[in-house]
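Colleague:
Numbering (the working numbering), first residue to last: 262 to 315.
(1) Kindly list the residues whose CB is nearer than 6 angstroms to the CB of residue 282, restricted to its own chain and excluding five residues on each side of it in sequence; keep chain order.
(2) In the DSSP assignment, the alpha helix (DSSP H) including residue 300 goes from what residue to what residue?
(3) Check whether the Cβ atoms of residue 280 and residue 295 lie closer than 8 angstroms to each other.
(4) Please return the same chain residues whose Cβ sits closer than 8 angstroms to the Cβ of residue 287, not counting the five positions on each side in sequence.
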């Protein structure tokens with residue numbers, strides 16, 4: 262998990278911007294979206310499979 266140390270003279274916006282850049286570089290958001298998509302597709306597959314049995 263990315264983390265940053267906020268400098269004393271640094272504003273919140275600057276620190277937040279650095280944190281967002283670090284998250285983008287480590288692909289956290291991308292991996293989360295991929296995992297969410299996989300879960301959704303699995304649920305959809307199971308739902309369709311169940312419906313076909315009815």
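The beta carbon of each residue, even a glycine, is placed where N, CA and C say it ideally should be.
Modeller: Per the coordinate set shown:
(1) none
(2) 289 to 314
(3) no
(4) Same-chain partners within the cutoff: 263.
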